[in-house]
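Here the structure comes first, spelled out in structure tokens, and everything after it is commentary.
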Amino acid sequence: MNRSALLRNALLSSTLLLATALVPASALAEVFINEIHYDNDGADTGEGIEVVATAGESLSGYRIYRYNGSSPSAAKVYGNDPLPAGSTIACGGNVRIAVLAYPSNGLQNGPNDGMALVDGNGQVVQFLSYEGAITAVDGPAKGRTSLNLPVAESGATPVGHSLQLGGSGSGYADFSWNEAAAQTFGACNNGQSFVAPNPPPEITATQPADGANDFPAAGDLGVAFSESVTLSAGALALQCAQSGSIALQHANSGSSFTVTTGTALYAGETCTFSIHASQITDSGGAHLVVDTHVDFSVASGSGGGGDYYAQVNTSSPGQLRCSLHQTIRGHTVYPYSGSGTTSTWNILEIADEDPNNPNRILDAYRNRSYAKGSDRAGTGSGATYNREHTWPNSLGFGSRTGDLGLPNAPYTDTHMLYLTDTGYNSDRGNKPYSDCPSQANCGERVTDANNGAGGGSGVFPGNSNWVQGDGFQVWGQRRGDMARAVMYMAIRYEGGQDINSGQSEPDLELTDNRSLIVATSSSPAYMGLLSTLLEWHQADPPDDAERARNEVIYSFQGNRNPFIDHPEWATPELFTSSTPAICELN
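As numbered in mature numbering (1 follows the signal peptide of the UniProt record, and there is no 0), residues -29 to -1, 1 to 557 make up the sequence shown, in order.
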């Protein structure tokens, strides 16, 4: 299963939880005053106020406050009344209407009188007036100036008429006040039709979930919505305690988004993934209701803690070997190259990122910093980087097509692949790793001074790589890394078939016998030198950078290099042991 599929599953699995934890209740559409009658010919009769809820919610928590504006700049409350729940009616779309009926002269005749519609939290929803604007000096609308209606009633208004909103829409702004017409309290207004409001989009899932503490260092973020939306610039953001603000890459439209960082986060750091409502819209122009902030922590990088190595049996070298193989086999395989999909290039450019510049990589042999992508081999002239197969292709991998070909786990295994200077990569070729006997017998391949290591020449062995006809000596700062990559291969690939794809896999073995280290597509295939690799492993133990790299590869492939997590497991006895008749897993 690739990372896109894993992300989709993670989003699906968190949908139900987030539907209740992150997403607000269905957003309420508008509530507003829809009809009013306060004056007519002769004795006032049938006075009332009608309120409509376009989403159909109960109006029982709302109240109407009546304001007397005999002093327009100092209007005061002269009564307040609770609205009933209302009744659902169909006026184009279904809405809920509640009516307050008043006795004769229950509403002031104007001029400069008004009313405030107040919700259950005491917040003013509307402050309207008729026959002139007013400013409230008490009640919930205190300090507010009313919106004056553009129409009015008078002592000449026929009995049984009212002022009503007309038009078609779903919100107050869609309608207009009309001159007095036959009243319609509790029913559809004259010439008014409601259309279903456009509900705002909602977040249905995020990856990671809020509060997660095990997010992979190189993992993809994700967010899913209830409908297709468009993301404007700044819609999504990631801020981390150590990494700072991280640039994100994602599609601009859709209902589910995979969000990549293009880098590796620091193990254990805390981060906040922010989703900004104002920058997210649906096809009808509705925005997400509120911003969402997902707080999480990156996995601690504790070396495969928890249950990862739970089945490893250390009772004997043979049992250790077979149980390690059972633990790390069957990883997720990625293509060697290709556009529009994650390939080994993408993974390695995160795993081997220059710690001082996320837009560059630091190669393993020359210790030189290169621009990501544009300095790849084959992209131009000058110094470039390529992918080094620490276990050379010709020593057991066979053809790139057919049963041993792509997607071929050995050939594309990024635990084994490293980004290195193209020239040094060529100098190494398929030579085994071995120590150079003396400066006179070998050619120097110097390193650059970068990240507190490397640089200098002329001193043997110094900070240089050394090459001879039958061997390549890696410089001191990275020799242990290369040794552990090769040792991983000898345990990961024990012949047989891949448990996921069913493809044949080679049997890779380590040896000190140079006569066995020959180009072959058959099994067993050999690489070495075993004793040198073990010495390099001891002399250059795993450091924080290598452990962080292991986390990055793990976040993609789903398997780990056990000799980075447990250096003590790398012994001559392990690599010379035979597979036991029965592998006894813990």
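Where a beta carbon is used, it is the ideal one built from N, C-alpha and C, also for glycine. Quick caveat: nothing in here was measured; it's all calculated off a predicted structure.
Completely contained alpha helix (DSSP H) runs for the stretch 490 to 539, where each covers 4 or more residues: 501 to 510, 515 to 528 and 533 to 536
Since Asp511 contacts Gly414 with CB under 8 Å, what's their CB separation in whole angstroms? No, Asp511 and Gly414 are not in contact; Cβ-Cβ is about 22 Å, not under 8 Å.
Classification of Ala541 by the beta-carbon crowding that lies within 10 angstroms, buried from 16 upward: buried
Between which two residues does the alpha helix (DSSP H) containing Cys159 stretch? Careful: Cys159 lies outside any alpha helix (DSSP H) and carries neither H nor E.
Name the one or two DSSP bridge partners that Cys62 has. Gly64
I'd like to know whether the C-beta atoms of Asp15 and Ser75 end up nearer to each other than 7 Å. yes
Where does Asp398 sit, in a helix, a strand or coil, going by DSSP? helix
Within 7 Å, strictly: CB atoms of Thr229 and Asp191: yes
What does DSSP give as the partner residues of Ala152 in its beta bridges? Ser133
Tell me, which residues are paired with Asn421 by DSSP? Ala424
Rounded to whole angstroms, what's the CA-CA distance from Lys343 to Pro171? Just pull it up for me. 40 Å
Could you tell me which of Tyr459, Gly440 and Leu291 sits nearest to His508, measuring between CA atoms? Tyr459
CA-CA distance, Ser29 and Pro111? 21 Å
First and last residue of the uninterrupted alpha helix (DSSP H) at Gln290: Pro288 to Ile299
Can you tell me whether DSSP reads Ile462 as helix, strand or coil? helix
Just reading off the beta strand (DSSP E) that Ile4 is part of, what are its end residues? Val2 to His8
Whole angstroms are fine: how far does the CA of Gly225 sit from the CA of Tyr341? 35 Å
Residues near Gln444 in its chain [Cβ-Cβ closer than 8 Å; skip 5 each side]: Tyr404, Ser405, Asp406, Cys407, Cys413, Pro432, Asn436, Trp437, Val438 and Arg450
Compare the beta carbon distance of Ile4 and Gln79 with 7 Å and say whether it is the shorter of the two. no
Which word fits Gln163, buried or exposed, when buried means at least 16 other C-beta atoms lie within 10 angstroms of its C-beta? buried
Assuming Glu6 contacts Leu202 (C-beta within less than 8 Å), just tell me the rounded distance between them. Between Leu202 and Glu6 the Cβ distance is about 41 Å, and since that is not below 8 Å, they are no contact.
Does the distance from the C-beta atom of Gly426 to that of Asn434 stay below 7 Å? yes
Thinking C-alpha only, which one of Thr298, Phe527 and Leu556 is nearest Ile462? Thr298
In the DSSP assignment, find the alpha helix (DSSP H) that holds Tyr38 and state where it starts and stops. Counting along the chain, Tyr38 falls outside any alpha helix (DSSP H), though it belongs to the beta strand (DSSP E) covering Arg34 to Asn39.
So for Pro43, helix, strand or coil by DSSP? helix
To which residues of the same chain is Gly57 closer than 6 Å at the C-beta, ignoring the five residues directly before and after it? Leu30, Arg67, Ile68 and Ala69
What does a CB cutoff of less than 6 Å around Ala123 pick up in its chain, not counting 5 residues either side in sequence? Tyr101 and Glu102
Enclosing beta strand (DSSP E) for Leu479 [first to last residue]: Leu479 to Leu481
Phe228: first and last residue of the uninterrupted beta strand (DSSP E) it sits in: Ser224 to Val230
Does the ligand MG have even one heavy atom less than 6 Å from the beta-carbon of Tyr464? This structure lacks the ligand MG, and indeed carries no ligand of any kind.
Buried or exposed (CB count within 10 angstroms, at least 16 for buried), Asn484: exposed
So, at 6 Å on beta carbons, what are the nonlocal neighbours of Ser197 in its own chain, with the 5 sequence-adjacent residues on each side left out? Pro172, Glu173 and Thr175
Quick test of the definition: if touching needs 3 or more C-beta pairs under 8 Å, does the stretch 476 to 494 touch the stretch 144 to 154? no
Bridge partners of Tyr404, per DSSP? Phe443
Just verifying my parser: in three-state terms, what is the DSSP assignment at Ile321? helix
Judging by CA-CA distance, which residue of His537, Met453 and Ala380 is the nearest neighbour of Ser475? Ala380
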